[in-house]
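A.B. asks: This is the structure I want to talk about, given as structure tokens.
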Ligand SMILES: Cc1cc2nc3c(=O)[nH]c(=O)nc-3n(C[C@H](O)[C@H](O)[C@H](O)COP(=O)(O)OP(=O)(O)OC[C@H]3O[C@@H](n4cnc5c(N)ncnc54)[C@H](O)[C@@H]3O)c2cc1C
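Residue numbers (the working numbering): 817 to 1139.
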């Protein structure tokens, strides 16, 4: 059953920010995550503030500095199908193409994909878990096969977004609009782990909106990829995924970013693996060593130890594709 709620169709970002200023107000972009949360009463919503009609937040364009700008309301499908993104920012187009199902990619937006709430079955289910203000993370002694192996405590959900992994790998920036104006933040500073907050997964205040995503210009020869492992071939969230961005100079790696998804409450950077690649021409031995290094610090629970092996294999395979 769905409870009654007020509905505001904002005519501008400023109007949306104002409407979000009351308790229980929530932003609606494509609604594919929000409406499910409302239906299942994951959290109470008194007012839905829709920005879906704001044309200024839609579209993908080139920036004068050689980078790209993506409006937060651009659909995941548009990101997946964009020719320049597919060629230059392959990791992002591939990640977007791996999100959910074709219908959800047509309706869901990239801003909503970044801000979607955790998929932990205790959080989404009928449990007054730690993330809902209770004192207990039921995953600790419960069914934890899909939970975090890195950075979990005291709440072991994993970030469900495929595009977040790619955007962290690309070192994207976000424009965030709020009552005091706009600010630009590095995407790595956007996500907030459970050690910092038990009720939010990002730095947004309740009346702030992600309006744009900025991709930096990529110099030299950059190759990138997104590899996702899931339980079935149809729509499914990542059990583990890898966003890989390698910059090559004279055949050797001069810059590496290896970001893991599906294994931590936020996209998880594995610097130990990145360091192994710098100054080297990737080969089978380096790929295997990087896969092993990517598992450093993993702390699996009773049922999710298999993710450690997945991370190792997925990182190794991702690098091998560029050997
Ligand atoms: C069956 C199913 C399978 C899925 N599988 C995957 C998957 O494999 N991989 C994956 O990555 N995702 C998956 N998803 C999630 C899906 O991609 C997201 O639901 C979608 O991208 C969210 O976009 P939206 O525009 O519909 O967001 P909404 O539902 O409108 O919003 C989601 C949340 O983000 C907030 N929000 C939205 N836009 C903004 C903004 N611009 N600024 C600030 N806050 C904002 C909303 O308030 C809300 O809390 C799946 C979803 C479903 C229902």
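Cβ atoms here follow ideal geometry from the backbone N, Cα and C, with glycine treated the same way.
All values derive from a computational prediction rather than experimental measurement.
What I want to know is whether the C-beta of residue 844 ends up closer than 6 Å to one or more non-hydrogen atoms of ligand 1.
C.D. replies: Residue 844: yes, Cβ under 6 Å from ligand 1.
A.B. asks: With H, G and I counted as helix, E and B as strand and the rest as coil, what does DSSP make of residue 920?
C.D. replies: Residue 920 falls in the helix class under three-state DSSP.
A.B. asks: Per DSSP, what are the beta-bridge partners of residue 884 in this structure?
C.D. replies: In DSSP, residue 884 forms a bridge with 878, 1031.
A.B. asks: If you run the structure through DSSP and keep just helix, strand and coil, what is residue 844?
C.D. replies: In this structure, residue 844 counts as strand in the three-state DSSP scheme.
A.B. asks: Does residue 1018 come out as helix, strand or coil in the three-state DSSP assignment?
C.D. replies: Correct three-state label for residue 1018: strand.
A.B. asks: By the three-class DSSP mapping on this structure, what secondary structure does residue 895 have?
C.D. replies: Residue 895: helix per DSSP, three-state reduction.
A.B. asks: Heavy atom of ligand 1 less than 6 Å from the Cβ of residue 877, yes or no?
C.D. replies: Every heavy atom of ligand 1 is 6 Å or more from the Cβ of residue 877, so no.
A.B. asks: Between residue 929 and ligand 3, is the CB less than 6 Å from at least one heavy atom?
C.D. replies: Absent from the structure shown: ligand 3. Ligands present: ligand 1.
A.B. asks: What is the C-beta distance between residue 929 and residue 915, in whole angstroms, given that I count them as a contact (C-beta under 8 Å)?
C.D. replies: Contact holds; Cβ gap of about 6 Å.
A.B. asks: Starting from residue 939, trace the alpha helix (DSSP H) both ways and give me its first and last residue.
C.D. replies: Here the alpha helix (DSSP H) through residue 939 covers 937-940.
A.B. asks: Sort out for me which residues DSSP pairs residue 1037 with in a bridge.
C.D. replies: DSSP output for residue 1037 lists 1064 as bridge partner(s).
A.B. asks: Is there at least one non-hydrogen atom of ligand 1 closer than 6 Å to the beta-carbon of residue 848?
C.D. replies: Yes.
A.B. asks: Residue 1120: which of 1029, 962, 871 sits nearest, CA to CA?
C.D. replies: If we check each option's Cα against that of residue 1120, 962 comes out closest.
A.B. asks: In its own chain, which residues sit with a C-beta less than 6 Å from the C-beta of residue 1078, not counting the 5 before and 5 after it?
C.D. replies: Correct list, in chain order: 974, 1054, 1055, 1056, 1057.
A.B. asks: At a threshold of 6 Å, does residue 1111 count as lining ligand 1 (C-beta to nearest heavy atom)?
C.D. replies: Residue 1111 Cβ: outside cutoff for every heavy atom of ligand 1.
A.B. asks: Leaving out five residues on either side along the sequence, give the residues of the same chain with a beta carbon under 7 Å from the beta carbon of residue 1108.
C.D. replies: Excluding positions up to five away in sequence, the list reads 1128.
A.B. asks: Name the two residues that bound the continuous alpha helix (DSSP H) containing residue 932.
C.D. replies: Taken as a continuous stretch (DSSP letters only), residue 932 belongs to no alpha helix (DSSP H), as it is neither H nor E.
A.B. asks: Any contact of the segment 1122-1138 with the segment 1099-1108, i.e. 3+ C-beta pairs under 8 Å?
C.D. replies: With a cut-off of 8 Å, the segment 1099-1108 and the segment 1122-1138 count as touching, because enough Cβ pairs lie within range.
A.B. asks: Per DSSP, what kind of secondary structure is residue 852 in: helix, strand or coil?
C.D. replies: Helix at residue 852.
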